[in-house]
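Engineer: For the sequence shown, the numbering used here gives the first residue as 30, with consecutive numbering after it.
After the structure tokens below, expect a handful of questions from me.
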Amino acid sequence: MTPPFRADHIGSLLRPRKLREAFRNPSAGELRAVQDECIREVVKLQKDCGLEVVTDGEFRRISYWEKFVRLTRGLEVRDAVFTFHDAEGHESRFTAPYVSGKVSRAEPITLDELGFGNTKVTMPAPSTMHFYRFTDWGSAYRDPAAFFADLGNVYQEEIADLAKAGCHYVQLDEVAVAILCDPAAREKVKAQGEDPDRLVDLYIDAINQAVKNRPAGMTVGVHVCRGNYKGMYLSEGGYDSVAERFFGRTAVDHFLLEFDTPRAGGFAPLRFVPKDKGVVLGLVSSKTPELESLDLLKRRADEASRYLAPERLAISPQCGFASTMGGNPVTEVHQRAKLRLCVDAASAIWG
């Protein structure tokens, strides 16, 4: 009933300068060699911080979804219909997947991210391939359900191969459902003639299709994210409007939820998390350099335990440190301190 680790993290980590430069000027074999070197270093970083959950930092990707799209037939990239923004009102446009043909798995997508002592592999949730362009998401399918059925097969094949390779923890990064908690975003969706609640149900079904038939011993968590781009975000609003359906119907083992700012709302929606599922509390911000106090984290974990038993809770940063190549406005020193803080907080809170 608990997440697999009391101290977790979301997956992406700051790309070292030599890795960013290798991506900008790749040559045959050189990029791979630099990636391997940097992955070994970042795995050591995580272990030095005391983490049991270890990723490759998503160092083989330009962004958290780019590699999935590149290695899946039928997907391409176009402009998104949403924009990132910050508290000062600055906006930034971004690109998104588009369904240009029948979808199938061209080759393994994340298998090459294993083999360095890492224990978790992350993938974008199925809604990533639909929601960012929900008004014009693709022309190859008669309806989204047919598309998600084919896309689900891609995930099922990938998860089966990951299990065979020894991976026992997969995380799906779900942004659309978080955006659909935002009253402003919901109104935008309605203005385009779409029902936000219908989309939530569609995306829950898509996750369930993706993880269906997962091998015994494979743990699946869903990270719910409000957007993470150079410290900017896509939405705000608590989980209240989706909690009962999303927590109750999504067939995964636990949820990794953002609770780092008031934008995320309170802990009351956790009362809808079924008794056989856990929650990783994203209480430490990956967007800002300020280090949270241990007392604050203890207090917030205690607040959450009013709605969910303490044995079903864990702690992490609210999101990754670099969902894209550029990363968030923090340094590697800040990143290390925050990862270590999660380990120290887990020990202080739960022993």
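Backbone N, C-alpha and C define an ideal beta-carbon position, used for all residues, glycine too.
1. According to the neighbour-count rule (16 or more other Cβ atoms, all chains shown, within 10 Å of its Cβ), is L323 buried or exposed?
2. Return yes when the Cβ of R255 is within less than 9 Å of the Cβ of F296, no when it is not.
3. Can you check whether the CB of L143 is closer than 9 Å to the CB of A351?
4. Please check the pair G103 and A169, which I expect to be a contact at CB under 8 Å, by giving their CB distance rounded to whole angstroms.
5. Report buried or exposed for A343, applying the criterion of at least 16 other Cβ atoms within 10 angstroms of its Cβ.
6. Short of 6 Å in beta carbon distance, which residues of its chain neighbour K327, apart from the five on each side in sequence? Order them along the chain.
7. Please say whether C67 and L368 have beta carbons closer to each other than 9 Å?
8. Could you tell me the alpha carbon to alpha carbon distance between P33 and T248, rounded to whole angstroms?
9. Determine the direct distance from the alpha carbon of E332 to that of L310, and round the result to whole angstroms.
10. Are at least three pairs of beta-carbons, each pair with one atom in the region 193-203 and one in the region 147-161, less than 8 Å apart?
11. Does G267 come out as helix, strand or coil in the three-state DSSP assignment?
12. Classify K96: buried if its beta carbon has 16 or more other beta carbons within 10 angstroms, exposed otherwise.
13. Under DSSP, the beta strand (DSSP E) around D202 begins and ends at which residues?
14. Where does K131 fall in DSSP's three states?
15. Taking only three categories from DSSP, how would you classify P173?
16. Give the secondary structure of E321 by DSSP, where H, G and I count as helix, E and B as strand, and everything else as coil.
17. Look up G15 in the DSSP assignment and give the residues it is bridged to.
18. Taking the C-alpha atoms as reference points, what is the distance between T124 and R107?
19. Buried or exposed: where does V132 fall if 16 or more other Cβ atoms within 10 Å of its Cβ makes it buried?
20. Here's the rule: buried if 16 or more other CB atoms are within 10 angstroms of the residue's CB, otherwise exposed. What is Q221?
21. Which one or two residues does DSSP pair with G307 in a beta bridge?
22. Name the residue from A194, L140, T101 and S270 whose alpha carbon lies nearest to the alpha carbon of D179.
23. According to DSSP, is S156 part of a helix, a strand, or is it coil?
24. Starting from E344, trace the beta strand (DSSP E) in both directions and tell me its first and last residue.
25. Could you tell me the alpha carbon to alpha carbon distance between K306 and G277, rounded to whole angstroms?
Structural biologist: Answer, in terms of the structure:
1. By the 10 Å Cβ count, L323 comes out exposed.
2. With respect to the 9 Å criterion, F296 and R255 are not classified as neighbours on the basis of their beta carbons.
3. No; because the gap between Cβ atoms is not below 9 Å, this pair is not in contact.
4. Rounded, the Cβ-Cβ distance is 6 Å, consistent with contact.
5. Around the beta carbon of A343, 16 or more other beta carbons lie within 10 angstroms, which makes this residue buried.
6. Setting aside the 5 residues that flank it on each side, K327 is surrounded in the same chain by I378, each with a C-beta closer than 6 Å to its C-beta; the list follows chain order.
7. 9 Å or more divides the Cβ of L368 from the Cβ of C67.
8. One C-alpha to the other measures close to 8 Å.
9. As the crow flies, the alpha-carbon of L310 is around 11 Å from that of E332.
10. With the rule of 3 Cβ pairs closer than 8 Å, the region 193-203 counts as touching the region 147-161.
11. DSSP places G267 in coil when its eight states are reduced to three.
12. With 16 or more Cβ atoms within 10 Å of its Cβ, K96 is classed as buried.
13. Its beta strand (DSSP E) spans residues Y198 to E203.
14. Strand at K131.
15. When DSSP states are grouped into helix, strand and coil, P173 belongs to the helix group.
16. Coil at E321, not helix or strand.
17. For residue 15 there is no data in the structure shown, the boundaries of the chain being 30 and 380.
18. The alpha-carbon atoms of T124 and R107 are separated by roughly 5 Å.
19. V132 counts as buried, since no fewer than 16 other beta carbons sit within 10 angstroms of its beta carbon.
20. Exposed.
21. Beta-bridge pairing links G307 to H283.
22. Comparing Cα-Cα distances from D179 to each of A194, L140, T101 and S270, the minimum goes to T101.
23. Helix.
24. In the sequence as displayed, the identity of residue 344 is Ile instead of Glu. Note, I344: beta strand (DSSP E), L342 to P346.
25. In a straight line, the C-alpha of K306 is about 9 Å away from that of G277.
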